[in-house]
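Novice:
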Amino acid sequence: MLHKTRGIVLKTTLYSESSVIVQIFTEKLGIQSYMINGVKKPKAKIHMNMLQPLHLVDMIVYHKANTNIQRVSELRPSPVFRSIPYDIIKSTIAMFLNEVLYKSIRQQTTDEHLFDFIFSAICWFDETNEQQHNFHLAFLLKLTRFLGFAPSTQTKSDQSYFDLQEGEFKSHPPIHAHFIDKSDAEVFISLFATPFEKISEIKLGNRTRRSVLDKILVYYTLHTASFGEIKSHQILEDVLS
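Read in the numbering used here, the sequence shown has 372 at position 1, and its numbers run on one by one without any break.
If you want it as structure tokens, here you go:
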């Protein structure tokens, strides 16, 4: 059966000299794997540059239940990126976010609210002209709303510690090591609550940005099964330094 759907490219794996298997988070069908033939041929209708991490696409696909690898009838970029592939900071942030997303939603079934959040956020990131060194921090924290482990923003005056394991403020440091003090926690919550349009107003030094990112990754590790190590983490830090 043919289906028309939007998609977000997550991972492309070479299958043969001219074929690839692409994992795409689709709006209508969840995460699916698609075999695409002839992507390296000069007259290919679907080229490799359409299948880069986090590229947004419109698709017409064949879908068979209980089949691991599906087929694509048509695929085209929509919208066509105007800045992410050509801006080193944006492209590195996109590469990093793609890796985190792939590890976080790889078992995800159809979830149109999650899809709409990711799709809209990527569109906004591509279109904005302002420097967005904090976008990845805000994105990952906002994403937790859809993954089921959003941090609690409620706090009392005597609660000076944020427990990453429990996702809430505490009056005393927990018995484990996974917590942050109030100053870092305030940045954490501010990035979570501030709209993308205003996150450039949150001024962070490189050291604070690295510290907050490290804690966000710990937070994901604690709340996401088999999250593992993020390999693009260091590349991102080098580019943003």
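Cβ coordinates follow ideal geometry from the N, Cα and C atoms, glycine included. Nothing here was measured: the structure is a model prediction, and the numbers come from that model.
Taking 8 Å as the cut-off, does the stretch 553 to 562 touch the stretch 526 to 540 (at least 3 CB pairs, one atom from each stretch)?
Specialist: yes
Novice: Measuring straight from C-alpha to C-alpha, what distance separates S390 and V410?
Specialist: 6 Å
Novice: Mind checking which residues open and close the alpha helix (DSSP H) that includes F467?
Specialist: I459 to S475
Novice: Would a C-beta distance cut-off of 7 Å place N505 and I551 closer than the cut-off?
Specialist: no
Novice: Please report the straight-line C-alpha distance between Q394 and V432, rounded to a whole angstrom.
Specialist: 13 Å
Novice: Out of F396, T579 and K586, state which residue places its alpha-carbon closest to the alpha-carbon of P424.
Specialist: Distances from the CA of P424 to each of F396, T579 and K586 were compared; the closest alpha carbon is that of F396.
Novice: Which whole-angstrom value describes the C-beta separation of S475 and T595, a residue pair presumed to lie in contact below a C-beta threshold of 8 Å?
Specialist: Contact flag correct, Cβ pair sits at about 5 Å.
Novice: Confirm, please, whether the CB-CB distance from R581 to E608 is below 7 Å.
Specialist: yes
Novice: My output table needs one value for M372: the three-state DSSP class, helix, strand or coil.
Specialist: coil
Novice: For L427, tell me which candidate among F490, I460 and F559 has the shortest Cα-Cα distance.
Specialist: Of F490, I460 and F559, the residue nearest in Cα terms is F490.
Novice: Taking a contact to mean a Cβ-Cβ separation below 7 Å, would you say L512 touches F452 in this structure?
Specialist: For the pair L512 and F452, the CB atoms are not nearer than the 7 Å cut-off.
Novice: Who does E445 pair with in a DSSP beta bridge?
Specialist: I431
Novice: Check T480 in the structure and name its three-state DSSP category.
Specialist: In the structure shown, T480 sits in coil (DSSP, three-state: anything other than H, G, I, E or B).
Novice: In this structure, how does DSSP classify F559 when only helix, strand and coil are distinguished?
Specialist: helix
Novice: In chain order, what residues of the same chain have a beta carbon less than 8 Å from the beta carbon of E537, not counting five sequence neighbours either side?
Specialist: P545
Novice: Which term fits N469, buried or exposed, when burial requires 16 or more other beta carbons within 10 angstroms of its beta carbon?
Specialist: buried
Novice: Under the assumption that L446 contacts M421 (Cβ atoms under 8 Å), give the Cβ distance between them as a whole number of angstroms.
Specialist: 6 Å
Novice: Could you spell out where the beta strand (DSSP E) holding D552 opens and where it closes?
Specialist: Residues F550 to D552.
Novice: With DSSP collapsed to three states, give me the class of Y532.
Specialist: Y532: strand per DSSP, three-state reduction.
Novice: Is the distance from the Cβ of D429 to the Cβ of S449 below 7 Å?
Specialist: yes
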